[in-house]
């Protein structure tokens, strides 16, 4: 389960258009993702309830994603699930931002044994396959939706912390920070006035790139189904359920929600690409 | 003796790492609603009397404070006593050994496939950067990178096993064949689709990376010079680019072992392949703590081996790098 | 380089090398090896068929511990058995008689029966099996047995501590184990006198059995059976891909057509229903394990009856079971001891609302859910997460209860999680047996011991008395009147009109896809899952194509 963090080299073209296109791209991605997040409140719960006479209908105007074996509307279920995934992703991003920035800054500025301990913790996290770590934490948290949320929220901060630690170390050794230190500024003052402005853009891009991971991991965990009720609309559960209809010809049960998931992940990829292009001085001129 | 230092260093690091994982796991499970030590008795509980239960509880020191219990637990682990799996009714070590043997074959094939294909596609795309072939390869890689593994596995299963019926639907061997009678071809037949699915995970990363690297190399001065001297594009890649490409690719490949292992959990689930990944899911779903802990340790060992192998691979590929020298 | 790495590298190399080696090894025999099992696994034959019908017994195959408690233990044989019409016929027994007082059962057994290891089966083994089952207190309930004594090689006497009208069912379901080969490992390596013997069991994957050459009955028509343990959907996929010759599928998949396969729609007494916690939680009782008992809402009769009346059972049969099933108002729907007058007119939300109103339930705050004093008409409805049919029933029932103002919060859990919660929550259970003992255990207050039996702690002294009378009757025929009275006698009973301790929903039909080449004879009316009810007449199965 991976999302490449490699970003395509910026496309060539008219620079003015490019900047505008970047803005439009960002706006479009945010709009799409917001629409998915808010969709459960817009659509309501009506489509989630079984409506036996309408079961196993292929996609139509009334049901864009078709209906399942209990007559539930697959579009509603998929959007509810995707919204849940995105909200968990949002939480994971917030937690990661807090933990990652805090620990990264602490390791980078304070150094010494604090740095050693933090680096060690990060190493331990990296020493386990991410999915195994997720399963372990979700299990220890008692499974269910809570378990999945906790597992996803608390395991994505490591790479962010690494990046921020490296960035902090780099800034720390720069001349103007040394100058501030000689002026007797406290480490906190330096962290706030010199580090934060440097780190914010890194943090921002890092967070956006973290989303696809979080979403895919949430989907994977709910696919395995650790303690989750199988009727809860989570994207992994929906896809796992489509497995039982593999050979029945009800293709829409697996294909449509899968495409929605793919689209959401790609939206974050695009968003990350565009935001990076905007923030990167090399490409943002013009 | 750099080799000795290197080995000692690696061992020490491994020991520290496993200790860290042990502490981490113990604390995590202690905080959870399930008590790890109690769970170790679980497997035997069904056949034993209450008096025996009491004895076992005392032996494990259930009434002791957490730190004491941790050392007891660690002692048992160090003696190789990982406990008995509740799900499989076997010692955890045996479960992991038999299951990993099956998974390893899948992992090995997937690893080789993704490495070779990824490198090949990356070189092709890099050499023909900007062409439609490059675009297609990039689109393919980006889409794969964003696709959930298990969903890809599902789609492949629908296509090849259910519709085309060319690959089996599940398991590691055809049903009804005694273990002793399973031939290598039947075995490979059952390995085929899971391995291919698993290899897909790794391909995207290595393709994109190799492509970027090759573009950088091709734009470097000495390559431009070689070009000017009349070397063909493929000649340049073969004699100058390849060595520069293989090293990062190899690093990426070994580093991907961690992700590959995670991927195998999902892939085995979809293909009902009885490997270690499936055991991981079973352990978590059915609260088989001894097995889960065993797998956590084992996966840490596995990832560590991958990283060490990457370190070892450098001097073989590039003699300028020496073991132990930093 | 560390030795860990060496072993890792080594094993990596070993596989690659091993693959080459093994392929060289198998080269000479390859054609025979590859084509033969492949052909058979694709199409089935007299030599081998593959059954994907679930039913793996995780505890193993020891009858004294509960294996085969619904009949047809496959590896072992029983003293008596039921034929396709549920009549009791001899199997190991050649004759049996019951003493006047109903306390002594004398059974004579055939002389030619041998275990699959070649040892003869004698009356000593029968006595040993019954004594062992009584001691172990497993799921096969023979607690009424005082002792079993072998009189001679072919005669065994079963002495009961009190008469039991259902005891004949023990002779039907308890497989005889060999005394000389019975130990702790027996459950994994069963030896018996049944039509098949165990060859290989890969737990969680498959079980391979071969015809028992020493079987005294008609030699089975199929040499080897392979039981494939896969999820119900994978079973369907296996059938569709031609990899299995018999597969049980959920009713929702039974509507699909599969080429070369016939759908067998087998009647069963396998039922599904909602079990209500009968006592209020406020009583604060717990089971011997310390799990909580009771629920304040479902302890109210009005709630239980309203649920019974509001549910549209026919809609469940049509919608969830695709018509493969029938409505059920009691635990023994369709059996000779069912009380017909216990049936109610259901799908009546108005009646349900009247009952609720009369019981003091009103919607004071207008949120659509009723209240009574400080209680809200709300309960958790648990279903086993891996059972899609129960999931569908649970969700549909919750939907049917909404209009009458009862909120059922559906939750799917594993059995491990359901067990501690099943005495204090509504659970979607499935039961169904040819044996009335089950009805006794579901409703008798003494059966509530913190386990599956009477999980809701239903207790009604009058019903207890009637059930005891039925159990203690000297014959099944005499007992039936009491069994029926316990359900509904015009004034009271445990069904909907009376205490409504459960809301029974449906009886399932078991749906199997069977290869057109396979003749499985006339299947009998099947009991609740567990094991392989369809194999009751396995010895008569035939492969008709060649």
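Residue numbers (the working numbering), protein chains in the order written: chain A, 147 to 432; chain B, 23 to 348; chain C, 291 to 836.
Heads up, the beta-carbon is just placed ideally off N, CA and C, and yes, glycines get one too.
Legend entry - Separation of residue 232 of chain A from residue 180 of chain A, as counted between CA atoms: Between residue 180 of chain A and residue 232 of chain A, the alpha-carbon positions lie close to 9 Å from each other.
query = What residue range is occupied by the uninterrupted alpha helix (DSSP H) comprising residue 705 of chain C?
reply = Where residue 705 of chain C is concerned, the enclosing alpha helix (DSSP H) starts and stops at 705 to 711.
How is residue 457 of chain C classed by DSSP in three states: helix, strand or coil? The answer is coil: DSSP assigns residue 457 of chain C none of H, G, I, E or B.
Which of the three DSSP states is assigned to residue 365 of chain C in this structure? The answer is coil: DSSP assigns residue 365 of chain C none of H, G, I, E or B.
**residue 411 of chain C to residue 369 of chain C span [Cα, whole Å]** = Here the C-alpha atom of residue 411 of chain C lies approximately 12 Å from the C-alpha atom of residue 369 of chain C.
Starting from residue 864 of chain C, find everything on chain B with Cβ-Cβ shorter than 7 Å and list it in chain order. Because chain C is modelled from 291 through 836, residue 864 of chain C falls outside the range shown and cannot be assessed.
| said: On the CB-based measure, 16 or more other CB atoms within 10 Å of its CB, does residue 379 of chain C come out buried or exposed? | reply: It counts as exposed.
Assign residue 620 of chain C to buried or exposed, taking buried as 16 or more other Cβ atoms, counted over all protein chains shown, within 10 Å of its Cβ. Its Cβ being crowded by 16 or more others within 10 Å, residue 620 of chain C is buried.
### Start-end ranges of the beta strand (DSSP E) lying completely within the segment 393 to 480 of chain C, minimum 3 residues
For the segment 393 to 480 of chain C, whole beta strand (DSSP E) runs of length 3 or above, ordered along the chain, are 394 to 399, 435 to 442, 445 to 450.
Cα separation between residue 830 of chain C and residue 460 of chain C? Approximately 24 Å between the Cα atoms of the pair.
Checklist line | Enclosing beta strand (DSSP E) for residue 551 of chain C [first to last residue] | finding: In this chain, the beta strand (DSSP E) harbouring residue 551 of chain C covers 551 to 556.
Q.
I'd like the list of long-range same chain contacts for residue 736 of chain C, defined as Cβ closer than 8 Å, with 5 residues on each side in sequence excluded.
A. For residue 736 of chain C, the CB contacts under 8 Å within the same chain, skipping 5 residues up- and downstream, are 754 in chain order.
_Give me the residue from C:766, C:449, C:836, C:365 with the minimum Cα distance to residue 625 of chain C._
Ranking the options by Cα distance to residue 625 of chain C, first place goes to C:766.
Original post:
For residue 669 of chain C, which of helix, strand or coil comes out of DSSP?
Top reply: Three-state DSSP puts residue 669 of chain C in a strand.
| task | Could you give the DSSP three-state label for residue 186 of chain B: helix, strand or coil? | result | Three-state result, residue 186 of chain B: coil.
Q. So, are the CB atoms of residue 376 of chain A and residue 702 of chain C less than 8 Å apart?
A. Yes, these two residues count as a Cβ contact at 8 Å.
ask   = What does residue 198 of chain B reach in chain C if we use C-beta pairs closer than 9 Å?
value = The answer, in chain order, is 327, 330, 331, 338, 339, 340, 496, 498, 514, 515, 516, 518.
For residue 865 of chain C, is the classification buried or exposed, using 16 other Cβ atoms within 10 angstroms of its Cβ as the cut-off for buried? Here chain C covers residues 291 to 836 and nothing more, so residue 865 of chain C does not appear.
Could you say which of C:826, C:822, C:814, C:819 lies nearest to residue 375 of chain C if we only look at CA atoms?
Closest in alpha carbon position to residue 375 of chain C, among C:826, C:822, C:814, C:819, is C:814.
**Study point:** Any chain B beta carbon closer than 8 Å to residue 415 of chain A
**Key:** Cβ-Cβ to chain B under 8 Å: yes for residue 415 of chain A.
| task | Could you check the C-alpha separation between residue 818 of chain C and residue 663 of chain C for me, to the nearest Å? | result | Across the structure, residue 818 of chain C and residue 663 of chain C are spaced so that their CA atoms are roughly 41 Å apart.
Exercise. Can at least three beta-carbon pairs, one atom from the segment 226 to 240 of chain B and one from the segment 115 to 130 of chain B, be found at a separation below 8 Å?
Worked result: Judged by Cβ distances under 8 Å, the segment 226 to 240 of chain B makes no contact with the segment 115 to 130 of chain B, as fewer than three pairs qualify.
| task | Consider the Cβ of residue 70 of chain B: report whether some Cβ of chain C lies at a distance smaller than 8 Å. | result | Because the pLDDT at residue 70 of chain B is just 38, under 50, the model does not fix this residue reliably, and the value given afterwards should be weighed accordingly. Interface residue (Cβ-Cβ distance to chain C less than 8 Å): residue 70 of chain B is not classified as such.
**Request:** Taking only the alpha-carbon atoms, compute the straight-line gap between residue 322 of chain A and residue 311 of chain A and give it to the nearest angstrom.
**Result:** Note on geometry: alpha-carbon atoms of residue 322 of chain A and residue 311 of chain A lie some 18 Å from one another.
Task: Range of the contiguous beta strand (DSSP E) that encloses residue 376 of chain C - done: Counting along the chain, no beta strand (DSSP E) covers residue 376 of chain C, and no H or E run does either.
Mind listing the chain B neighbours of residue 306 of chain A? Cutoff is C-beta to C-beta under 9 Å, in chain order.
-> Near residue 306 of chain A there are no residues of chain B at all, since even the closest Cβ is about 18 Å away, more than 9 Å.
| Nearest chain A C-beta to residue 291 of chain B closer than 8 Å, yes or no? | Interface residue, yes.
> Are residue 398 of chain C and residue 384 of chain C closer than 8 Å when you measure CB to CB?
Replying inline: Contact flag set, yes.
Any idea what DSSP makes of residue 833 of chain C, helix, strand or coil? Under the three-state reduction of DSSP, residue 833 of chain C is assigned to strand.
Let's see if you can read the secondary structure: which residues bound the alpha helix (DSSP H) around residue 303 of chain B? 298 to 307 is the span of the alpha helix (DSSP H), which, as asked, contains residue 303 of chain B.
### Message
I want to verify the contact list: residues of chain B whose CB lies under 7 Å from the CB of residue 765 of chain C, in sequence order.
### Response
The contact set of residue 765 of chain C on chain B, defined by CB atoms closer than 7 Å, is empty, because the minimum CB distance reaches about 38 Å.
**Request:** Would you check if the segment 393 to 401 of chain A and the segment 161 to 175 of chain A touch, i.e. whether three or more CB-CB distances between them fall below 8 Å?
**Result:** For the pair of segments examined, the segment 161 to 175 of chain A was found not to touch the segment 393 to 401 of chain A: the number of CB pairs separated by less than 8 Å stays below three.
Please list, in chain order, the residues of the segment 283 to 309 of chain A that have any C-beta partner in chain B closer than 9 Å. Against chain B - using a Cβ distance shorter than 9 Å - the residues of the segment 283 to 309 of chain A are 283, 284, 285, 286, 287, 288, 289.
Report task. Verify whether the separation of the beta carbon atoms of residue 360 of chain A and residue 371 of chain A is less than 8 Å. Result -> For residue 360 of chain A and residue 371 of chain A, no; Cβs fall outside 8 Å.
task = Taking all protein chains shown into account, decide if residue 330 of chain C is buried (16 or more other Cβ within 10 angstroms of its Cβ) or exposed.
result = For residue 330 of chain C, the predicted model reports a pLDDT of 38, less than 50, meaning its position is unreliable; a value from the coordinates is still stated below. Taking all protein chains in view, the Cβ of residue 330 of chain C is crowded by 16 or more other Cβ atoms within 10 Å, so the residue is classified as buried.
Meets three-Cβ-pair contact criterion under 8 Å: the segment 245 to 264 of chain B and the segment 296 to 310 of chain B = The segment 296 to 310 of chain B and the segment 245 to 264 of chain B do not touch, with fewer than three beta-carbon pairs separated by less than 8 Å.
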